[in-house]
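In terms of full-length UniProt numbering, the sequence shown opens at residue 1 and continues consecutively. To start, the structure under review is shown below, and the notes come after it.
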Amino acid sequence: MYFSKFPHLILIENALSRVINRTEMASSRDTSSSSSASDRPLESTNFAIEIEPTSIQFSSAIHASAHDDTLQVRRFTPASRGLEPFHFLSSTKFAVLQAVEMRFDSSENNSIRAQLKFNIRMVRIKEAAVINAEDKWIACGLELLSDLRDFELWWLQQFSELERKIDAYNSNGSGWIVEQINYFDLCSALTDRIRYYRGRCANFSLPNQLAVKKAIINPPSDGNNCFLFACLAYLHNRDPGVMKSCHRLTTYSRWLDEIDLSGIALPVAISDLDVIEEKNSEICFTVFSWEDDEAYVIRQPLPGICASRKVIPLLLLRNSSSDDADDDDGGDENCGTGHWCAVSNLDRLLNSKKGLRNRKWCEKCISPFRFQEELEQHRDSCNPQLKPAIMERMPDASSNTMQFMAWEKTISPPFVVYADFEALNTPREPVEPEREVTVTKLTEHVPVAAGYIVIPREGMSSKILRPSEDVFLCSGPNPNSVVKQFLASLERLAREVYGWNTEFSHQIADRNSDDNRRSFQDATQCYLCNAVFISSSDKHWDHDHLSGEYKGAACASCNKLARLKRRFLPIVFHNLRGYDLHLIFSTALGDMTGWRPLYRGGVSACAEGLD
Numbered sequence: 001m002y003f004s005k006f007p008h009l010i011l012i013e014n015a016l017s018r019v020i021n022r023t024e025m026a027s028s029r030d031t032s033s034s035s036s037a038s039d040r041p042l043e044s045t046n047f048a049i050e051i052e053p054t055s056i057q058f059s060s061a062i063h064a065s066a067h068d069d070t071l072q073v074r075r076f077t078p079a080s081r082g083l084e085p086f087h088f089l090s091s092t093k094f095a096v097l098q099a100v101e102m103r104f105d106s107s108e109n110n111s112i113r114a115q116l117k118f119n120i121r122m123v124r125i126k127e128a129a130v131i132n133a134e135d136k137w138i139a140c141g142l143e144l145l146s147d148l149r150d151f152e153l154w155w156l157q158q159f160s161e162l163e164r165k166i167d168a169y170n171s172n173g174s175g176w177i178v179e180q181i182n183y184f185d186l187c188s189a190l191t192d193r194i195r196y197y198r199g200r201c202a203n204f205s206l207p208n209q210l211a212v213k214k215a216i217i218n219p220p221s222d223g224n225n226c227f228l229f230a231c232l233a234y235l236h237n238r239d240p241g242v243m244k245s246c247h248r249l250t251t252y253s254r255w256l257d258e259i260d261l262s263g264i265a266l267p268v269a270i271s272d273l274d275v276i277e278e279k280n281s282e283i284c285f286t287v288f289s290w291e292d293d294e295a296y297v298i299r300q301p302l303p304g305i306c307a308s309r310k311v312i313p314l315l316l317l318r319n320s321s322s323d324d325a326d327d328d329d330g331g332d333e334n335c336g337t338g339h340w341c342a343v344s345n346l347d348r349l350l351n352s353k354k355g356l357r358n359r360k361w362c363e364k365c366i367s368p369f370r371f372q373e374e375l376e377q378h379r380d381s382c383n384p385q386l387k388p389a390i391m392e393r394m395p396d397a398s399s400n401t402m403q404f405m406a407w408e409k410t411i412s413p414p415f416v417v418y419a420d421f422e423a424l425n426t427p428r429e430p431v432e433p434e435r436e437v438t439v440t441k442l443t444e445h446v447p448v449a450a451g452y453i454v455i456p457r458e459g460m461s462s463k464i465l466r467p468s469e470d471v472f473l474c475s476g477p478n479p480n481s482v483v484k485q486f487l488a489s490l491e492r493l494a495r496e497v498y499g500w501n502t503e504f505s506h507q508i509a510d511r512n513s514d515d516n517r518r519s520f521q522d523a524t525q526c527y528l529c530n531a532v533f534i535s536s537s538d539k540h541w542d543h544d545h546l547s548g549e550y551k552g553a554a555c556a557s558c559n560k561l562a563r564l565k566r567r568f569l570p571i572v573f574h575n576l577r578g579y580d581l582h583l584i585f586s587t588a589l590g591d592m593t594g595w596r597p598l599y600r601g602g603v604s605a606c607a608e609g610l611d
């Protein structure tokens with residue numbers, strides 16, 4: 001179900017802007033000037049939202065809380081069933097905003113981490129009739145909200161993730177669709193409000209675990225300018241003559257006017273970065289924090305900004321030991337003290353022994369990759385606004401044709417086995433069912449005989465493994481014994497074939513024929529893929545390794561692919577997946593050590609490993 005197909009909400013914008021305007025000066029927020037009680041919803045509140053052409057009513061109440069309300073779950077429930085999902089979600093947007101605002105007002109200097117969890121009624125439809133219905137939970141990602149200005153982006157991320165998960169669920173052909181949203185929970189947790197920490201520490205010492213990573217440049221500053229020097233350190237630490245002196249302030253004196261900080265009150269806070277990005281159109285900032293010996297993302301550029309700008313990764317460290325922590329912060333009671341550092345090596349900072357190792361990280365979307373080549377390919381299509389980044393890429397002229405390349409599958413094996421089971425349809429003894437059932441099994445198929453025939457390939461110059469058309473038969477009243485004898489005989493045969501292949505399937509090419517030599521010399525393209533030979537070194541004499549006969553002139557790539565599979569013995573049944581495999585699974589397969597069932601490319605099979 002695609003939510004974007006439903007009509008949009010007509011209300012909310014005026015009320016939403018009224019609430020957000022109260023947070024425009026969030027960097028100097030004072031709890032004494034918070035909203036009056038009449039502006040806030042109660043702990044349990046009923047809402048009525050007018051949406052053309054209907055009116056939607058729902059209730060909001062705290063469902064659970066813990067640790068002195070640090071963790072809270074608020075549930076939003078529609079007053080009536082059968083509401084279209086988009087109508088219900090859109091109507092609750094303002095109420096969710098009020099609930100988030102209450103969380104900000106409940107404690108000083110706190111951000112919140114919030115997510116939405118949806119309880120959704122899913123129905124399965126077949127031939128225009130509902131045949132099954134289930135209530136399922138779908139949880140969106142836990143995101144950080146530093147203040148109410150982050151609400152719009154957070155709501156969009158939650159909404160988009162819900163739509164993406166439902167689309168993925170419906171696209172697998174299961175027949176399940178969304179009927180309604182029963183209710184959803186706003187799960188939130190209070191965290192330290194890092195947004196209001198300002199970088200102003202002089203001679204800050206890095207934590208030991210962070211220092212050993214050697215991923216940070218920490219030039220000493222006079223207290224208020226650590227942000228400026230951190231940015232310059234990242235931009236110029238690889239310039240000639242800078243690497244050896246990157247921790248000295250005098251190294252960056254010639255670039256002090258490169259970043260426009262006019263009108264920004266020093267020390268710089270995270271809440272000032274939006275203004276700095278507006279003044280400097282060529283750069284944007286990603287900010288990390290350091291907690292419990294791990295780096296965490298606490299701020300990324302707005303979608304669409306970092307696509308055309310240089311991303312400067314910075315680390316904002318909280319200062320708990322420096323003497324500057326007790327200094328005056330310009331009268332801002334909500335400001336903490338921190339320190340800005342430059343991230344010189346993002347890979348070293350984010351890789352860890354406890355988490356991901358040896359990854360290459362994208363500085364725009366903070367996504368990990370195993371190899372540098374994968375990262376370079378990703379950068380061409382990276383767009384943090386899309387999750388995941390998607391880019392349609394058309395093949396060039398050299399790779400715009402799909403052709404068959406599995407040439408090893410065209411080589412006939414030296415031996416093939418044709419096998420079959422014979423079974424009797426015997427009555428079942430009546431069994432008292434453990435629960436009420438609608439189907440009673442009256443008979444069952446019991447294998448009483450099994451056999452196979454070995455067919456060697458014609459034209460092989462080596463001696464045959466066994467006499468032509470070697471036949472194996474076994475029968476008996478015990479189905480387990482019959483199937484076990486059959487599988488054990490196949491295992492012995494497979495080992496004999498593998499030994500024969502190892503010794504006799506390496507026939508030397510027959511180059512005595514003048515016609516074959518002339519055909520090879522006159523060939524200008526590969527007889528398999530039709531690629532034109534560029535040089536004589538690319539032309540290879542391809543021959544049959546079982547008979548030594550000349551097959552054609554092949555290129556190097558096809559000559560390597562067209563190899564005989566020596567560790568492979570095909571055993572063919574008339575209806576393995578539909579019948580014979582059921583007999584094998586239900587009887588003696590569990591007694592065969594080393595045997596394992598396989599399912600590859602829509603084909604069911606069994607395999608036995610050969611040492």
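We put the beta carbon where it would ideally sit given N, CA and C, even for glycine.
- DSSP, read as helix, strand or coil, puts Glu294 in strand.
- Boundaries of the beta strand (DSSP E) around His543: 540 to 543.
- Apart from sequence neighbours up to five positions away, the residues of its chain that approach Ala215 with a beta-carbon distance below 7 Å are Val343, Ser344, Asn345, Arg348, Leu349, ordered along the chain.
- Judged by DSSP secondary structure, His378 falls within the alpha helix (DSSP H) whose first and last residues are 372 to 379.
- Judged by DSSP secondary structure, Ala139 falls within the beta strand (DSSP E) whose first and last residues are 129 to 139.
- A distance below 7 Å between beta-carbons, with the five flanking residues on each side excluded, links Leu528 to the following residues of its chain, in chain order: Trp407, Ala554, Cys558, Ala562.
- Leu316 has its alpha-carbon roughly 8 Å from the corresponding atom of Trp290.
- Between Asn132 and Asn182, the C-beta spacing is not below 8 Å.
- At the C-beta level, Tyr498 and Ile455 stay beyond 8 Å of one another.
- Closest by C-alpha distance to Arg359, out of Arg370, Cys365, Pro414, is Arg370.
- Under the rule that a run must span 3 or more residues, the beta strand (DSSP E) segments found entirely inside the stretch 541 to 565 read 550 to 554.
- Counting only residues of its own chain and dropping the five nearest sequence neighbours on each side, His247 has a CB closer than 6 Å to the CB of Pro219.
- When DSSP states are grouped into helix, strand and coil, Ala531 belongs to the coil group.
- Per the Cβ contact rule, the stretch 570 to 583 is not in contact with the stretch 532 to 546 (fewer than 3 Cβ pairs under 8 Å).
- The stretch 88 to 97 makes contact with the stretch 144 to 155: 3 or more CB pairs, one atom from each, lie closer than 8 Å.
- Under the three-state reduction of DSSP output, Lys117 falls in the strand class.
- A contact is defined here as three or more CB-CB pairs under 8 Å, and the stretch 501 to 509 fails this definition with respect to the stretch 529 to 536.
- C-alpha of Phe229 to C-alpha of Ala79: approximately 56 Å in a straight line.
- Minimum Cα-Cα distance from Phe415 among the listed residues Lys441, Leu465, His582 corresponds to Leu465.
- Counting along the chain, Cys226 sits inside the alpha helix (DSSP H) bounded by residues 226 to 236.
- Less than 8 Å separates the beta-carbon of Leu314 from that of Phe285.
- For Gly451, the beta-bridge partners assigned by DSSP are Asp420, Leu473.
- Partner residues in a beta bridge of Lys463, as assigned by DSSP, do not exist.
- Note on geometry: alpha-carbon atoms of Gln180 and Cys140 lie some 17 Å from one another.
- Assigned with DSSP and collapsed to three states, Arg103 falls in helix.
- Under the criterion of beta carbons closer than 8 Å, Glu444 and Arg428 qualify as touching, at roughly 5 Å.
- For Leu576, no alpha helix (DSSP H) run applies, since DSSP gives it neither H nor E.
- In this structure, DSSP gives Val482 a helical state, which the three-state scheme calls helix.
- Looking at the backbone, the Cα of Lys565 and that of Lys463 are separated by about 19 Å.
- Under a 10 Å Cβ-count criterion, Gly476 is classified as exposed, with fewer than 16 other Cβ atoms of the shown protein chains found around its own Cβ.
- Of the residues assessed, His67 falls on the exposed side of the cut-off, its CB having fewer than 16 other CB atoms within 10 angstroms.
- Rounded to whole angstroms, Ser59 and Ala269 show a C-alpha spacing of 38 Å.
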